[in-house]
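Residue numbering for the sequence shown follows UniProt numbering, starting at 1 and increasing by one per position.
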Amino acid sequence: MNNKNASPDENWGTHIMGTPAVPSSHPDNKKAALSGDDAARQPQQVQYYQHPVHPYVQHNPVDKPSSSPMESILSMFDSWTKKAELTAHNVWRNLKTGPSVSSAALGKMNLTVKAISEGGFESLYKQAFTTYPNEKLKKSFACYLSTSTGPVAGTLYLSNIHVAFCSDRPLCFTAPSGQETWSYYKVIVPLGKIGVVNPVTMRENPSEKYIQIVTVDGHDFWFMGFVNFDKAIKNLSEGISHFVVPGVAVPSTSTSS
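Structure (structure tokens):
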């Protein structure tokens with residue numbers, strides 16, 4: 001399918017809930033990792049999955065989205081201040097990965113305007129997740145999470161206590177009752193539960209890059225599509241290293257596949 005003929009929704013990443021998975025589990029995960037590629041089309045077959053049972057994945061049912069991402073963005077632009085408009089425009093420009101604006105840019109425009117109106121990304125982080133009183137957000141990164149149903153567009157948060165991810169929009173899954181249900185895709189991992197952070201560059205295509213986070217109890221998460229890959233891996237590695245007890249090193253090694 002040619003991206004020029006795709007609607008904004010088709011460039012938003014998957015809208016279907018899946019389990020965290022290695023990038024090879026769905027072909028669109030690779031598209032989201034490639035700088036300048038047509039990123040993250042929705043799956044062609046409409047299927048609904050039950051929400052993944054996973055110790056680090058959270059679900060909070062919300063109302064079904066009533067409008068497309070582009071309509072939401074235009075509505076935001078009509079109501080927010082000029083400062084918000086200019087900032088969102090800058091985010092759009094900074095997230096361009098090729099001749100056309102990537103799907104991540106659309107999501108970040110909407111999210112950045114919301115962050116400005118609600119007190120910044122730290123406020124958004126604390127709205128999305130249950131946090132500790134002394135918890136402080138250190139960094140946030142626009143990226144995708146690799147799942148079994150395709151890439152999920154969202155924001156990766158690094159605090160002094162957790163690494164967390166929240167999707168830019170709700171995803172669909174089937175509740176135990178059989179009813180179609182929507183929820184933001186949330187992942188939250190305590191820094192003390194992270195065993196390793198791996199930057200992965202595919203040998204056959206150096207533009208295809210991932211950050212793999214592996215927990216001490218054997219779960220892993222793959223993130224891709226970062227605006228600044230090197231900065232993201234540096235901040236994540238340093239954040240985890242600074243959290244652990246002095247003298248106990250957390251390995252961070254570069255891997256090629």
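For glycine and all other residues, C-beta sits at the position ideal for the given N, C-alpha and C.
The structure presented is a predicted model; accordingly, all values stated were derived computationally and were not measured.
Residue closest to residue i, alpha-carbon to alpha-carbon, out of the options
i: residue 243; options: 31, 14, 207 and 192; result: 192
i: residue 236; options: 217, 203, 219 and 189; result: 189
i: residue 128; options: 61, 147 and 179; result: 61
i: residue 239; options: 213, 227 and 218; result: 213
i: residue 196; options: 25, 219 and 176; result: 219
i: residue 138; options: 198, 182 and 163; result: 163
i: residue 179; options: 20, 231, 63 and 233; result: 63
i: residue 24; options: 223, 183, 56 and 134; result: 223
i: residue 194; options: 173, 177, 204 and 221; result: 221
i: residue 54; options: 30, 215 and 123; result: 215
i: residue 130; options: 181, 217, 56 and 145; result: 56
i: residue 18; options: 173, 31, 30 and 123; result: 173
i: residue 146; options: 21, 15, 16 and 14; result: 21
i: residue 234; options: 177, 182, 198 and 175; result: 198
i: residue 183; options: 229, 169 and 230; result: 169
i: residue 232; options: 30, 148, 31 and 144; result: 144
Residue interval of the alpha helix (DSSP H) (run including residue i)
i: residue 162; result: Not the alpha helix (DSSP H): residue 162 falls in the beta strand (DSSP E), residues 162 to 167.
i: residue 127; result: 121 to 128
i: residue 177; result: Segment: none, residue 177 is in no alpha helix (DSSP H) and carries neither H nor E.
i: residue 32; result: 27 to 33
i: residue 226; result: Per DSSP, residue 226 belongs to no alpha helix (DSSP H) and is neither H nor E.
Neighbourhood of residue i by C-beta, 7 Å cutoff - its chain only, sequence neighbours within 5 removed
i: residue 132; result: 161
i: residue 34; result: 207 and 208
i: residue 210; result: 23, 33, 200, 222, 223 and 224
i: residue 148; result: 18, 19, 21, 25 and 26
Close Cβ partners of residue i (< 6 Å) along its chain, the five nearest in sequence each way excluded
i: residue 185; result: 152, 167 and 171
i: residue 140; result: 121, 155 and 157
i: residue 58; result: 186
i: residue 125; result: 137 and 157
i: residue 135; result: 159 and 161
i: residue 150; result: 14, 26, 28 and 43
i: residue 175; result: 181
The beta strand (DSSP E) enclosing residue i, as first and last residue numbers
i: residue 138; result: 137 to 147
Counterpart residues of residue i in DSSP-defined beta bridges
i: residue 156; result: 141 and 165
i: residue 214; result: 196 and 220
i: residue 183; result: 61 and 171
i: residue 150; result: 147
i: residue 190; result: 162
i: residue 16; result: 172
Simplified DSSP assignment, three categories, for residue i
i: residue 133; result: coil
i: residue 206; result: coil
i: residue 23; result: helix
i: residue 242; result: helix
i: residue 237; result: helix
Any C-beta of chain E under 8 Å from that of residue i
i: residue 217; result: Of the protein chains in this structure there is only one, and it is not chain E.
Cβ-heavy atom distance, residue i to the ligand HEM, below 7 Å
i: residue 240; result: This structure lacks the ligand HEM, and indeed carries no ligand of any kind.
Own chain, CB closer than 8 Å to residue i, minus 5 neighbours either side, in chain order
i: residue 205; result: 34
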